[in-house]
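Input: a single structure, listed below in structure tokens.
In the working numbering, the protein residues as written are 1020 to 1415.
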């Protein structure tokens, strides 16, 4: 039984069957010579009455000396009562992050999230997470792996932060499902990128141009009356696009729009007279339950982005998003002096902090009122500003 050295290993020739050669110095350290000619270093030991083997690496990929060091490490673990072969076997059977993505989507996202959120999660999983980390074992993912992926998409900070959030939720569930130790979420302490919030409100002149354009496309028939009505309702109610898109006639009552399922749960949305006029002028499609009827029977319209791009270009509103109509509704409400809490209720916000982004606009009516009041008082008392400046005499 020779000492396994490079020269000794190189000299070994394949036979008709695989065979083992054991080292003369370390008990259990050996080499498996396969009939194909491949040679693999092994560490062999007994545990629980059974012989166990751990592959240390193929000759050529690692040297005999490197394999010897690995063998000593394995034998040291065995001496402490560990079972390296079983641990390696368990690691091989451990799920990959790709498998966790699938389980997360099927057992959590599909069961708990709304369709739009499902779509967003699916995009993050398939386009950003799986291609980069899908082959990793769940237990092997470290903070540096998450940080590198997050940094890779620094040019799209919003998407990078959303992807980080998806990963964090996945690893929280991985702990609950017993796939990682408690408190091991690798997303912790990975800082998010700063996001530049877009606060775009349409001015009165812009609203007038938009209104003129909506009337024009409706009259000429270049856009369907349902698409035009949808944009008018968004402006007049401050609703989210999905709330108007999926609005059914049965939800409309004398008290308003009774929506059973919104982003923040069931809620009643006031329906002002101007919005009711839009609905009254809209032809109902027989057997279609949706207000904003689509091209497919019994379905609501699905494509709003293409019509909106055509309309905003014609109205000279480059860069304005559909969601900016909701911002415009909110900004007008706050600027008119409506209490911020009431604006939050109209928008369906569950947290006041969400509405506070518009709080600075509340200063406008206050400032105007102060100016108007001071002007009236000034006129009454005949206030004038003296052109002379008093000179102080310094007494020494």
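Think of the CB as a built atom: it goes at the ideal place given N, C-alpha and C, for glycine as much as any other residue.
Three-state secondary structure (DSSP) of residue i
{"i": "residue 1131", "result": "helix"}
{"i": "residue 1303", "result": "coil"}
{"i": "residue 1267", "result": "strand"}
{"i": "residue 1041", "result": "strand"}
{"i": "residue 1187", "result": "helix"}
{"i": "residue 1408", "result": "Residue placement at residue 1408 is poorly supported in this model, since its pLDDT is 43, which falls under 50; the coordinates are not used for a value here."}
{"i": "residue 1154", "result": "coil"}
{"i": "residue 1337", "result": "coil"}
{"i": "residue 1312", "result": "strand"}
{"i": "residue 1174", "result": "coil"}
{"i": "residue 1208", "result": "coil"}
{"i": "residue 1321", "result": "coil"}
{"i": "residue 1291", "result": "coil"}
{"i": "residue 1242", "result": "coil"}
Bridge-paired residues (DSSP) for residue i
{"i": "residue 1048", "result": "1062"}
{"i": "residue 1272", "result": "1275"}
{"i": "residue 1115", "result": "1156"}
Which listed residue (the options) has its alpha carbon closest to that of residue i
{"i": "residue 1254", "options": "1173, 1082, 1390, 1290", "result": "1290"}
{"i": "residue 1297", "options": "1264, 1288, 1305, 1252", "result": "1252"}
{"i": "residue 1063", "options": "1104, 1027, 1033, 1037", "result": "1104"}
{"i": "residue 1246", "options": "1328, 1117, 1197", "result": "1328"}
{"i": "residue 1215", "options": "1324, 1177, 1264, 1332", "result": "1177"}
{"i": "residue 1236", "options": "1128, 1331, 1124, 1091", "result": "1331"}
{"i": "residue 1465", "options": "1272, 1094, 1186", "result": "Because the chain spans 1020 through 1415 in this model, residue 1465 falls outside it and cannot be assessed."}
{"i": "residue 1098", "options": "1066, 1166, 1264", "result": "1066"}
{"i": "residue 1219", "options": "1212, 1060, 1061, 1348", "result": "1348"}
{"i": "residue 1317", "options": "1326, 1324, 1305, 1325", "result": "1305"}
Start and end residues, beta strand (DSSP E) containing residue i
{"i": "residue 1161", "result": "Premise fails: residue 1161 is in no beta strand (DSSP E) and is neither H nor E."}
{"i": "residue 1277", "result": "1275-1278"}
{"i": "residue 1074", "result": "1069-1077"}
Residue i classed as buried or exposed, judged by whether at least 16 other C-beta atoms fall within 10 angstroms
{"i": "residue 1268", "result": "exposed"}
{"i": "residue 1134", "result": "exposed"}
{"i": "residue 1256", "result": "buried"}
{"i": "residue 1259", "result": "buried"}
{"i": "residue 1092", "result": "exposed"}
{"i": "residue 1321", "result": "exposed"}
{"i": "residue 1053", "result": "exposed"}
{"i": "residue 1361", "result": "exposed"}
{"i": "residue 1272", "result": "exposed"}
Limits of the alpha helix (DSSP H) - the one that residue i falls within
{"i": "residue 1223", "result": "1223-1239"}
{"i": "residue 1367", "result": "Segment: none, residue 1367 is in no alpha helix (DSSP H) and carries neither H nor E."}
{"i": "residue 1287", "result": "Not the alpha helix (DSSP H): residue 1287 falls in the beta strand (DSSP E), residues 1286-1288."}
{"i": "residue 1097", "result": "1083-1098"}
{"i": "residue 1216", "result": "Unbroken run through residue 1216: none, as it is neither H nor E."}
{"i": "residue 1343", "result": "1343-1354"}
{"i": "residue 1358", "result": "From DSSP, residue 1358 is part of no alpha helix (DSSP H); its letter is neither H nor E."}
{"i": "residue 1027", "result": "1025-1030"}
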